[in-house]
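As you go down the protein sequences, you meet chains A and B in turn. Per my numbering, the first sequence starts with residue 56, numbered consecutively. Per my numbering, the second sequence starts with residue 2, numbered consecutively. The structure under discussion appears below in the form of structure tokens.
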Amino acid sequence: MGVAKYTKDNKDAITDVELHSGIKVKPVYGPDDLAAVGFDYQQDLGDPGQYPFTRALHPLGYRSRAWTTRQYSGFGTPAETNERFKLLIGHGQNGLNVAFDLPTQMGYDSDDPMAEGEIGRVGMSVDTLVDFQTAFKGLDLTRIGSGLTINAVACIMLAMYEALARSQGVDTAKISATPQNDILKEIIGRGAWIFPVRAGVDLTCDVIEYATAQGKLPRCNPVSICGYHIRESGATPAQEIAFAFGIAFAYVDNVVARGYEPTQVAERFSFNLNIFGNLWEQVAKFRAARKLWAKLLKERYGIQDKKALYLRGLFGGGGYGLTKAQPLNNIVRGAYYGLAAALGGAQTTALCSYDEAFTIPTPTSALLSLRTLEILMDEIGLRDTVDPLAGSYFIETLTRQMEDKVLEEMEQVDRWGGMVAAVESGQVQRLVSRQAYEWERDLAEGRRIKVGVNKYVEEDEEPEVELHEYSLASAEAQIKSLKEVKRTRNQKDVSAGLKALEKALKAGRNVMPALVQCCSAFATVGEMAGIMRQELGELKEPSIF
Amino acid sequence: MASANQRTVRILVAKPGLDGHDRGAKVIAHALRDAGFEVIYSGLHQTVDQIIATAVQEAVDVVGLSIMSGAHLPISQKLMKGLKDKGLNDVAVVVGGVIPHRDIPALKELGIDGVFPGGSALDSIVAGVRRAAEEKRVEA
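Structure below.
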């Protein structure tokens, strides 16, 4: 019962339930509850595929198309990653979700002293275009959609993807990539940031401007706004949505200020939202989020185009819900989290694997996660009918309450002066880290229950899980390959590209064309990020606790 | 809170390396502060040299490393050598994060005074850090 606070009487009967977002749950719901929140079918739900899309983006939901599964993967050298990609695709996965190692995410080459011990450890190592050519070898870029889980240097990685397509002679209008590219959440929650807040936001928005507003990469989703990591850092589900929307508006405003129409900017935004926690609260959260996003885009920016109002996204992961204690329990948790995603109408999904509390997943555990999602879609009836919980007295009341709660949290963002200011001052970081601590105290003191952690605890020795090992040989191979590229590339082209990048940064122009030029010339990630560090400086973390 | 006969322990909670997952580090920082420690938080992306410099500057009794990336062995080794080179033999060092139990003996071998793998209870971490600081003080 870990995902809400429960009060019990002396006979162990529950007297009070409070969800993480602060909403109280009643023992019984009926028509009066819907009347009390003024529930109206057309206004609150509409049919699936109709504004405000509470029920689903498409009229037939999973009947017309099951969700896209996109397990997060990548490790070691690009060649090893290529094998893992092929394994997942061979087993029915239809999108990629590329993990990069920390040096790549932080803009350091494999031969940089800062990269020592980290090459290929938590994702694939990328130094130059050669690495992308290897990692995506044998995959059809016009058929596969690739999530690129990288933020501070997302601009470099999307440019690299475009350069890859160009090097293969593939039409860049046909490639589909989703760089995560959400620097504000990265500073709040995941920590792979480099540049000062406003410079980082400008780079994120360069990608949005280039891919969507200018239409250079029309099938790419230029940003995946991650309430996910904010939630992992301690936010409530309502804050997860409110802060994600606050971030989205900051990006829309930045690009609109460059002279584009809001529709051109926002139409391909996507979201990455979390799925652990109270089942009902998650389902209500997803339904409320879909509705609010459409409503707010319409009200705030006057966007009319139906497809531009869609809250697209990946609802998945659930990392924080997993425990190190009794790790096999995480397999079961994953299935329920997947169920929450499906009942919430996830378009795309992925599951953390049961061993991720220890390390990155093994092939077996990654495949098990994929199978869990496939069982949900193919075996238990989740494709039968759209939005099956619609009309439930409880779910509809809760969806309305979540909507109000999200709006209330958004007022907090306004009081901070918007998300850019809130991140710059560290206020949002302070809030979520304090809540994370309160959550842990609740667990320690038994106010929240987690099976295996503070209830049904076993004196467990370290469980036997097969762990993914760090490979020194892979790291050495990567450095060797980088040296070879540096030796054989045309140095003049590299210099010209880097010069163009420096000029664009100095002039405050969009960096994307120069980055594509750099990548095509086999400039390294570290060389490009180095120029960016030199011109933009680095973030000084606000004192946050 | 610290009882009257306990000197306030100063701890540097540090995030070495490139990993940015700092929820755990911040939770521990809060818990230690609540328990009466003076806590200095390093912020992210610190090199071992930066951590040592801060430890010297802040005259801490304990350095607590939070490591989630799997690089705990090389980082700890580097830190212990750096502390020794600087003659900081009276500083206790504890490590927490994603740490397989099988690596604990190797960490202890390096001179780490306390290891708290993910999932350790808050109270046991606070008590363990206090114990590590006291034992170091007695030794020194």
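No residue lacks a Cβ here, since even glycine has one placed at the ideal position from N, Cα and C.
Residue state for Tyr127 of chain A is assigned as strand, using DSSP reduced to three classes. Between Gly71 of chain B and Val99 of chain B the beta-carbon gap is near 7 Å, inside 8 Å, which marks them as a contact.
For Pro75 of chain B, the residues of chain A that pass the 9 Å Cβ criterion are Glu171, Gly172, in the order they occur in the chain. In the DSSP assignment, Ser536 of chain A falls within the alpha helix (DSSP H) that extends over 527 to 543. Per DSSP, Glu434 of chain A is not a residue of any beta strand (DSSP E); the alpha helix (DSSP H) it occupies stretches across 418 to 434. Burial of Leu272 of chain A is indicated by the presence of at least 16 other C-beta atoms within 10 angstroms of its C-beta.
Sorting A:Arg502, A:Val83, A:Asp442 by C-alpha distance to the C-alpha of Val338 of chain A places A:Asp442 at the top.
In terms of Cβ geometry, Val468 of chain A and Ala477 of chain A form a close pair [threshold 8 Å].
Taking the beta carbon of Met583 of chain A as reference, no residue of chain B falls within 9 Å; the closest one sits roughly 17 Å away. Contact annotation, Ser180 of chain A with Ala154 of chain A: C-beta distance approximately 11 Å; criterion of less than 8 Å not satisfied. The alpha-carbon separation between Tyr365 of chain A and Glu322 of chain A amounts to approximately 8 Å.
Distance check between Asp226 of chain A and each of A:Pro234, A:Leu196, A:Ala207, A:Gly244 places A:Leu196 closest, using alpha-carbon atoms only. The residue among A:Glu464, A:Asp182, A:Lys63 with its C-alpha nearest the C-alpha of Gln533 of chain A is A:Asp182. In the three-state reduction of the DSSP assignment, Glu316 of chain A falls in the coil class.
At a cut-off of 8 Å between beta-carbon atoms, Glu287 of chain A makes contact with chain B.
Between Ala412 of chain A and Lys379 of chain A, the C-beta spacing is below 8 Å. Along the region 472 to 486 of chain A, the positions whose C-beta sits under 9 Å from a C-beta of chain B are Gln484, read in chain order. Taking 8 Å as the Cβ-Cβ cut-off, the region 18 to 29 of chain B approaches chain A at Gly18, Leu19, Asp20, Gly21, His22, Asp23, Arg24, Lys27, Val28, given in chain order.
Within the region 259 to 340 of chain A, the complete beta strand (DSSP E) segments at least 3 residues long are 279 to 281, 325 to 329, listed from N- to C-terminus. Following the DSSP letters along the chain, one finds Asn385 of chain A inside the alpha helix (DSSP H) bounded by residues 384 to 398. Per DSSP, Gly129 of chain B is one residue of the alpha helix (DSSP H) stretching across 123 to 140. Given a length threshold of 4 residues, each whole run of the alpha helix (DSSP H) inside the region 443 to 479 of chain A is given here in chain order: 448 to 471. Per DSSP, the continuous alpha helix (DSSP H) segment holding Glu138 of chain A begins and ends at 133 to 145.
Taking C-alpha positions only, Asp166 of chain A is separated from Ala209 of chain A by approximately 21 Å.
The alpha-carbon of Gly116 of chain A is positioned some 20 Å away from that of Leu406 of chain A.
For Pro101 of chain B, the closest Cβ of chain A is nearer than 8 Å. At a C-beta separation below 8 Å, Leu570 of chain A has no neighbours in chain B, since its nearest C-beta there lies roughly 22 Å away.
With distances taken between CA atoms, Asn206 of chain A lies nearest to A:Gly244 out of A:Gly244, A:Lys510, A:Cys574. According to DSSP, residue pairing for Glu39 of chain B in a beta bridge involves B:Arg11. The beta carbons of Val58 of chain A and Asn333 of chain A sit about 4 Å from each other, so the pair counts as a contact at 8 Å.
Contact note: Gly314 of chain A does not reach chain B at a C-beta cutoff of 7 Å; the least C-beta distance is about 34 Å. In this structure, the CA atom of Gly373 of chain A is about 19 Å from the CA atom of Ala297 of chain A. Separation of Phe140 of chain A and Leu151 of chain A (C-alpha to C-alpha, rounded to the nearest whole angstrom) is 7 Å. DSSP places Asp186 of chain A in the uninterrupted alpha helix (DSSP H) bounded by 184 to 190. Taken atom to atom, the span from the alpha-carbon of Val566 of chain A to that of Asp261 of chain A is near 7 Å. Around the beta carbon of Glu451 of chain A, 16 or more other beta carbons sit within 10 angstroms, so the residue counts as buried.
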